[in-house]
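Protein chains in written order, with our numbering: chain L, 1 to 140; chain D, 1001 to 1140.
Built from N, CA and C at the ideal position, the CB exists for glycine as well.
To keep things clear, I will list the structure first and then write my remarks on it.
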DNA sequence: TTTCGTGCAAATGGTTTGCACATGG
DNA sequence: CCATGTGCAAACCATTTGCACGAAA
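Written as structure tokens, this is what we have:
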């Protein structure tokens, strides 16, 4: 359900299996969508010495290997999440900052429309939609 | 068709009308969607001494006044564009980096769906959709 | 052993802040 | 005049890079 086949994938490319790489991948799975800094914290709780630089380099690698992706949820840092099974897009509330996920099905019609009319291949896993969530919209 | 009512809006708030504020607003209208840095360049061509700091502060102000908004088009800097008339969303190609606009109508069904099912009020002008554009997708 | 990965420190790029001077009202 | 704006320089924060040491194969 997690830890895809990191060892094999790495070996297949002649890359090395290291504790850091395993830990970062685990953290991405655990945290869902997390920034490099958040992942750094998570990893540090297990292995104190790991440097933030390594987090960045490892995320780049894992993304290259197709094991994780990142999305830009408004403001600063991108957030990373595991690739695979559960493709999902994000709804971001600009008032309270809450992030929720939506199933790709919701975007399917839009994706099809864009593909037909413009030949644009929508990357659903990368979609972040901004607006006001129910709680903020109703209350405020 | 441009230069809304900057002077009045400012006066209404007891703020001052300055050359810089006019220039930044004009630049936003001219450039469409531009990063702070691009706006800085544009403004400098007219008034050489304007500092990048002022661009940032002015953009924040103009956004606060409801005259401009910003969108995060993937990577680094946000891009600013005038608010009003032509609300539009963006399509960003992750291969070639091209940015194109789509009419809000395309997103209307999605927006309605989200509103009904989740009470989420989609901010269409803020939407950036990532994927592969026709040129890159077909060719590659 | 040999190459790849990591930690560390410094460089970078974008954005923000503090402060004194300039200027609009 | 007086308060707000601006320019400048320095501070910041996230991310990247260079280099020498440490570790996987």
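Asked                                                                                                                                                                                               : Found
To the nearest angstrom, how far is the alpha carbon of residue 1105 of chain D from that of residue 1115 of chain D?                                                                               : 15 Å
How far does the alpha helix (DSSP H) with residue 1009 of chain D in it reach, from first residue to last?                                                                                         : 1006-1012
Counting only Cβ pairs nearer than 9 Å, list the residues of chain L close to residue 1123 of chain D.                                                                                              : 94, 129, 130, 131, 132
Does the distance from the CB of residue 68 of chain L to the CB of residue 82 of chain L come in under 7 Å?                                                                                        : yes
Is it true that the CB of residue 123 of chain L sits closer than 7 Å to the CB of residue 1131 of chain D?                                                                                         : yes
Please say whether residue 1134 of chain D and residue 119 of chain L have beta carbons closer to each other than 7 Å?                                                                              : yes
Can you grab the Cα-Cα spacing for the pair residue 8 of chain L / residue 24 of chain L, in whole Å?                                                                                               : 17 Å
What beta strand (DSSP E) runs, 3 residues minimum, are completely inside the stretch 50-129 of chain L?                                                                                            : 68-71, 79-82, 89-93, 99-102
For the stretch 1026-1050 of chain D, which segments carrying the alpha helix (DSSP H) assignment without a break, of at least 4 residues, lie completely within its bounds, in sequence order?     : 1036-1046
Using a Cβ cut-off of 7 Å (strictly closer), state whether residue 74 of chain L contacts chain D.                                                                                                  : yes
What in chain D is Cβ-close to residue 110 of chain L, meaning under 9 Å?                                                                                                                           : 1106, 1107, 1109, 1110, 1129
Using the beta-carbon count (16 or more within 10 Å), is residue 15 of chain L buried or exposed?                                                                                                   : exposed
Closer than 9 Å, Cβ to any Cβ of chain D: which residues of the stretch 34-55 of chain L, in chain order?                                                                                           : none
Does the Cβ of residue 71 of chain L have 16 or more other Cβ atoms within 10 Å, making it buried, or fewer, making it exposed?                                                                     : buried
Is it right to say residue 126 of chain L is buried, meaning 16 or more other beta carbons lie within 10 angstroms of its own, or is it exposed?                                                    : buried
When the cut-off is 7 Å and only beta carbons count, does residue 118 of chain L lie next to chain D?                                                                                               : yes
Mind checking residue 88 of chain L: buried by the 16 CB within 10 Å criterion, or exposed?                                                                                                         : buried
To the nearest angstrom, how far is it from the Cα of residue 75 of chain L to the Cα of residue 47 of chain L?                                                                                     : 29 Å
Kindly list the residues whose CB is nearer than 6 Å to the CB of residue 129 of chain L, restricted to its own chain and excluding five residues on each side of it in sequence; keep chain order. : 91
Quick one: using the 10 Å Cβ neighbour count with 16 as the cut-off for buried, is residue 3 of chain L buried or exposed?                                                                          : Its pLDDT being 48, under 50, residue 3 of chain L is placed unreliably in this model, and the value from its coordinates should be taken loosely. It counts as exposed.
Using the DSSP secondary-structure output, state which residues sit across from residue 132 of chain L in a beta bridge.                                                                            : D/1121
Put residue 1017 of chain D into one of helix, strand or coil per three-state DSSP.                                                                                                                 : coil
Would the beta-carbon of residue 1036 of chain D fall within 7 Å of that of residue 1055 of chain D?                                                                                                : yes
For residue 1010 of chain D, which option in D/1107, D/1121, D/1062 has the closest C-alpha, if you only look at C-alpha atoms?                                                                     : D/1062
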